[in-house]
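This report refers to the structure that appears directly beneath it.
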Amino acid sequence: MNKKSFTALLIITLVLSLFLAGCGSKPTNTLEKIKQKGVIVMGTSADFPPFEFHKVEGNKDTIVGFDIDIANAIAKRLGVKLEIKDMDFKGLIPALQSGRIDMIVAGMTPTPDRAENVDFSDLYYNSQQVVVVKNDSPILKFDDLKGKTVAVQIGTTSEEAAKKIPDVNLKQLNRVGDAFMDLKNGRCDAIVLEDTVANAYLKEYKDMKILSMKEINTEEGGMAVAVAKGNKELVNIINEVIKDLKASGEYDKLVDKWFK
Ligand code: ARG
């Protein structure tokens, strides 16, 4: 090898190694990105007690709930901080796909449709759809809902379930809390949502009751954590955390804390 080609080779090697080093510092997947930032960003819709809701004490407003505790356990396992972004439920999957959040912990049901766009962990809670009406409502069974105004949160499985009611007048809302305000003020006749969440709202809205109807229930139920497509490592860690929480008894403690 003459001196000229040796120098050329040296330069090529140098440039190539600089290029590779550059690639190495750029995270190639969510898990690396999270570890490098030292924070995992969870997206949620904090209108869903006891899973996630705003707790206001004096002038301090914090988002708390079962999902937040699960998310904190995930952050702890990764050795990073948890950051919470609160948004309308329908914005969560787009936010995950565009990388604005790293995971969705929002009582989200892993439906086949959603699974085309995001990856889901194992289920961490079970749930089913119920109907909430005023105590003095003439609505008693599924047929009574015909032609009635039924409020649901946009983009949820509750919306899908309510669409099955014949001649229904759907009132699609961004926030679950608005549905309860509407029912209270006579702007709708019923709400379709998940049983556990209905129970939590009814602690505040004493003039309402829960009706379970087999016709309204979907085969799809339960809740899982969503991550961007292809993040196998992150899903595996989340599944381990769920499994460990259950095995250690911590999970039961959380259930007692939030669902009693
Ligand atoms: N489980 C239902 C769904 O996945 C409703 C979830 C609503 N969650 C919320 N945080 N508002 O569609």
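Using my numbering, the first residue of the sequence shown is number 219, and each one after it goes up by one. Note that CB positions come from ideal geometry on N, CA and C, so glycine has one too.
Query, Result
"C-alpha gap between Ala480 and Leu249, whole angstroms", "Within the shown structure, residues of the chain are numbered from 219 to 478, placing residue 480 beyond reach of any answer."
"Reduced DSSP category for Phe269 - H, G, I as helix; E, B as strand; rest coil", "coil"
"Gly499: CB within 7 Å of a non-hydrogen atom of the ligand ARG", "Outside the displayed range of the chain (219 to 478) lies residue 499, so it cannot be described from this structure."
"Alpha-carbon to alpha-carbon, Lys253 and Val351", "46 Å"
"Counted within 10 angstroms of its Cβ, other Cβ atoms place Glu433 as buried (16 or more) or exposed", "exposed"
"The region 317–330 / the region 255–264 touching (three or more Cβ pairs under 8 Å)", "yes"
"Distance CB(Ala446)-CB(Val336) smaller than 8 Å", "yes"
"Straight-line gap, Asp285 to Phe269 (C-alpha atoms, nearest Å)", "5 Å"
"Helix, strand or coil at Phe477 [DSSP, three-state]", "helix"
"Which of helix, strand or coil DSSP assigns to Ile258", "strand"
"Proximity winner among Leu296, Thr225 and Ile230, relative to Val257 (alpha-carbon distances)", "Leu296"
"heavy atom of the ligand ARG below 7 Å from Thr280 C-beta", "no"
"Within the region 291–350, ranges of the beta strand (DSSP E) (whole runs, at least 3 residues)", "299–304 and 336–343"
"Check: Gln371 C-beta below 7 Å from any heavy atom of the ligand ARG", "yes"
"Whole-number beta carbon distance between Ala442 and Pro328, since they are thought to touch under 8 Å", "4 Å"
"Buried versus exposed call for Lys389 [16 or more other C-beta atoms within 10 Å across all chains shown]", "buried"
"CB-CB length for Asp485 against Thr367, believed under 8 Å", "No information on residue 485 is available, as it lies outside the stretch 219 to 478 that the chain covers here."
"Short Cβ contact (8 Å threshold) for Ile302 with Ile281", "yes"
"7 Å CB neighbourhood of Phe360 in its chain, flanking five on each side removed", "Met431, Glu433 and Ile434"
"Ala289 beta carbon near the ligand ARG (any heavy atom closer than 7 Å)", "no"
"Collapsed DSSP secondary structure at Thr225 in the structure displayed", "helix"
"Nearest-angstrom Cα separation, counted from Asp425 out to Asp400", "13 Å"
"Leu314 versus Asn353: straight-line alpha-carbon distance, rounded", "39 Å"
"Those residues which DSSP pairs with Ala369 across a bridge", "Lys389 and Ile409"
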